[in-house]
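Residue numbers (the numbering used here): 217 to 587. Even for Gly, the Cβ is constructed at its ideal location relative to N, Cα and C.
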Amino acid sequence: MAYATAVELAEKARPTFDVRALQAGKRYRLYRRPDGTARHLVYQRGPVRYVSFALAGSLAVRKGRRPVRTVRRTASGTVEASLYEAIDRAGAPLALAQAMAKVYAWQIDFFRLRPGDGFRVIYEEKRVAGKTIGVGRILGARFDHRGDPYYGIYFEEEKEYFNEAGESLRKSLLQAPIEFAQVSSGFQERRYHPVLEEYRAHNGTDYAAETGTPVYSVGDGRVVSAENEKYNGKNVKIRHNDTYTTQYLHFSKIADGIEPGTRVQQKQVIGYVGETGLATGPHCHYILYKNGEPVDHTEQTLPSAPPVADSLRAEYNRVKARVLPKLRPPEERERRQRAAAASRESFPAASAIPSPLPGNGGKRTLLPGRL
């Protein structure tokens, strides 16, 4: 392509696509005429979006999207080492792990999963040209954690997840300030400090993660302090209500705009994992204060968002009736099916019950061999 042609094409593309946004490593396809001259070029911006440059005749540029097919899938598995590993063994996209973490962000601390925890999930898989490109909505899920089942059913009318009783999964505070990390140390009244070499209270939970990992506010609130201290390093403290306050220590960087008085929303990035202050490695030390005193956040029962509205309860029950049976364990589904079959045998259909015979005064007459 002549330099002058390239300049003209870049100018014509300006209202539609800035050619300076072309990225190394992205795929493109060049279409030629039989004589070998270029006809048009298609630059693939991602799995769905593309930009087409017409190179023959009148130069032109247009954006396009490849058709996306949504397929409903079901996956189930048992945790041995991590949720990612379990989902990979189940043959599902790894993005499903993050989607499940968002559904259960208020119920389950995914850093504390145990071997034997299990899941069954119905989800939407996004496909382009026969290839999986991502995960859409989770339509329903069951997660067995430490012996307890946690159900999550998506209700389109309220665009929210509810359990089998119609209670919202959303709570005032998230279970953890990072999506995926390792709990390197929990809340303890007496722990040996590796730097100070003495026993002292460990009044929070340490989430070990790579430097730069985003840290979220666990709830809506107002920033009380955002500072760099000798022992706590770069840290942020947030007051959520009259009862709860949280603090996040050892950031590598406090997020832009986070300063005293700032209003923050649940799951807003407030900083990034680091090891500033008195720390032996990159982690976030997370503290939950209740009425001014540090408490173990894993033992707190937090208030939930409102349940399904009364006016929508009947519709939710219809959605639940479709989804819930598919989430139950196989043995429970079989038990319920056997119970339903036994119930039908015990109570036959009305057509199978003898009717009063004519000329008998309307009284029921039992035939030989029949009850």
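Shortest alpha-carbon distance to residue i belongs to which of the options?
{"i": "Asn533", "options": "Gly273, Leu246, Gly352 and Glu383", "result": "Glu383"}
{"i": "Asp526", "options": "Ala381, Ala345, Pro545 and Ala311", "result": "Ala381"}
{"i": "Pro498", "options": "Tyr464, Gln482 and Leu528", "result": "Tyr464"}
{"i": "Gln239", "options": "Glu224, Ala302, Ser298 and Arg261", "result": "Arg261"}
{"i": "His501", "options": "Ser292, Asp422, Glu372 and Val351", "result": "Asp422"}
{"i": "Arg529", "options": "Ser468, Gly363, Glu372 and Lys453", "result": "Glu372"}
{"i": "Ala345", "options": "Ser274, Trp322, Arg281 and Gly508", "result": "Arg281"}
{"i": "His456", "options": "Gly437, Asp234 and Glu445", "result": "Gly437"}
{"i": "Asp325", "options": "Leu543, Val235, Gln516 and Leu540", "result": "Gln516"}
{"i": "Ala315", "options": "Asn379, Gly241 and Gly352", "result": "Gly352"}
{"i": "Gly350", "options": "Asn507, Leu494, Ala308 and Phe269", "result": "Ala308"}
{"i": "Leu494", "options": "Pro510, Pro476, Val480 and Ser468", "result": "Ser468"}
{"i": "Asp472", "options": "Thr459, His361 and Ala442", "result": "Ala442"}
{"i": "Gly363", "options": "Asn379, Gly334, Tyr377 and Phe378", "result": "Gly334"}
{"i": "Ala537", "options": "Gly356, Thr459 and Val489", "result": "Gly356"}
{"i": "Trp322", "options": "Leu543, Ser520, Lys542 and Ile454", "result": "Ser520"}
{"i": "Ala302", "options": "Pro365, Arg330, Phe378 and Val535", "result": "Arg330"}
{"i": "Pro283", "options": "Val235, Arg343, Glu227 and Ala226", "result": "Arg343"}
{"i": "Tyr488", "options": "Pro365, Asp304 and Ala425", "result": "Ala425"}
Return the Cβ separation of residue i and residue j in integer angstroms, given the expectation that the two are a contact with Cβ distance under 8 Å.
{"i": "Lys387", "j": "Leu518", "result": "5 Å"}
{"i": "Glu340", "j": "Thr286", "result": "5 Å"}
{"i": "His513", "j": "Thr492", "result": "That belief does not hold up - the Cβ atoms of His513 and Thr492 are roughly 22 Å apart, past 8 Å."}
{"i": "Thr294", "j": "Gly332", "result": "7 Å"}
Going by the CB atoms, is the gap between residue j and residue i shorter than 8 Å?
{"i": "Gly420", "j": "Ile486", "result": "no"}
{"i": "Gly368", "j": "Leu390", "result": "no"}
{"i": "Lys206", "j": "Ile474", "result": "Residue 206 lies beyond the stretch modelled for the chain, which goes from 217 to 587, so this question has no answer here."}
{"i": "Gly348", "j": "Val277", "result": "With the sequence shown as reference, residue 348 is identified as Thr, and Gly is not the correct amino acid for it. Not closer than 8 Å, so no."}
{"i": "Val524", "j": "Glu374", "result": "yes"}
{"i": "Ala272", "j": "Thr253", "result": "yes"}
{"i": "Arg249", "j": "Val258", "result": "no"}
{"i": "Tyr247", "j": "Arg255", "result": "yes"}
{"i": "Leu312", "j": "Ala291", "result": "yes"}
{"i": "Leu358", "j": "Arg336", "result": "Per the sequence presented here, residue 358 reads as Arg, with Leu not at that position. Their beta carbons are under 8 Å apart, which means Arg358 touches Arg336 by this criterion."}
{"i": "Gly435", "j": "Gln398", "result": "no"}
{"i": "Thr461", "j": "Tyr505", "result": "yes"}
{"i": "Pro393", "j": "Tyr447", "result": "no"}
{"i": "Val440", "j": "Val480", "result": "no"}
{"i": "Ile338", "j": "Val539", "result": "yes"}
So what does residue i bridge to, in DSSP terms?
{"i": "Asn448", "result": "Bridge partners of Asn448: none, in fact."}
{"i": "Ala276", "result": "Ala270"}
{"i": "Tyr488", "result": "Pro430 and Lys469"}
{"i": "Ile454", "result": "Val439 and Thr462"}
{"i": "Val399", "result": "Tyr423"}
{"i": "Phe335", "result": "Gly293 and Phe359"}
{"i": "Tyr502", "result": "Thr421 and Tyr464"}
{"i": "Arg342", "result": "Looking at the sequence shown, residue 342 is not Arg but Lys. Answer by DSSP bridge pairing, in chain order: Thr286 and Gly350."}
{"i": "Ala254", "result": "Arg248"}
Which residues mark the beginning and the end of the alpha helix (DSSP H) in which residue i is found?
{"i": "Thr461", "result": "It is not in any alpha helix (DSSP H) - Thr461 instead sits in the beta strand (DSSP E) that spans Tyr460 to Ile470."}
{"i": "Thr496", "result": "Run containing Thr496: none; DSSP gives neither H nor E here."}
{"i": "Thr478", "result": "Per DSSP, Thr478 belongs to no alpha helix (DSSP H) and is neither H nor E."}
{"i": "Gln314", "result": "Ala311 to Val319"}
{"i": "Thr221", "result": "Tyr219 to Ala229"}
{"i": "Ala537", "result": "Arg529 to Leu543"}
Span of the beta strand (DSSP E) holding residue i?
{"i": "Tyr300", "result": "From DSSP, Tyr300 is part of no beta strand (DSSP E) but of the alpha helix (DSSP H) over Leu299 to Arg305."}
{"i": "Arg261", "result": "Looking at the DSSP string, Arg261 is not in any beta strand (DSSP E), and its letter there is neither H nor E."}
{"i": "Tyr366", "result": "Asp364 to Phe371"}
{"i": "Val287", "result": "Arg285 to Thr294"}
{"i": "Pro510", "result": "Glu509 to Val511"}
{"i": "Leu389", "result": "It is not in any beta strand (DSSP E) - Leu389 carries neither H nor E in the DSSP assignment."}
{"i": "Thr348", "result": "Lys347 to His361"}
{"i": "Ile245", "result": "Per the sequence shown, residue 245 should be read as Arg rather than Ile. Start and end: Tyr244 to Arg248."}
{"i": "Glu376", "result": "Glu376 to Phe378"}
Any heavy atom of the ligand GTP closer than 7 Å to the beta-carbon of residue i?
{"i": "Glu340", "result": "Of the ligands one can find in the structure shown there are none, so the ligand GTP has no counterpart to examine."}
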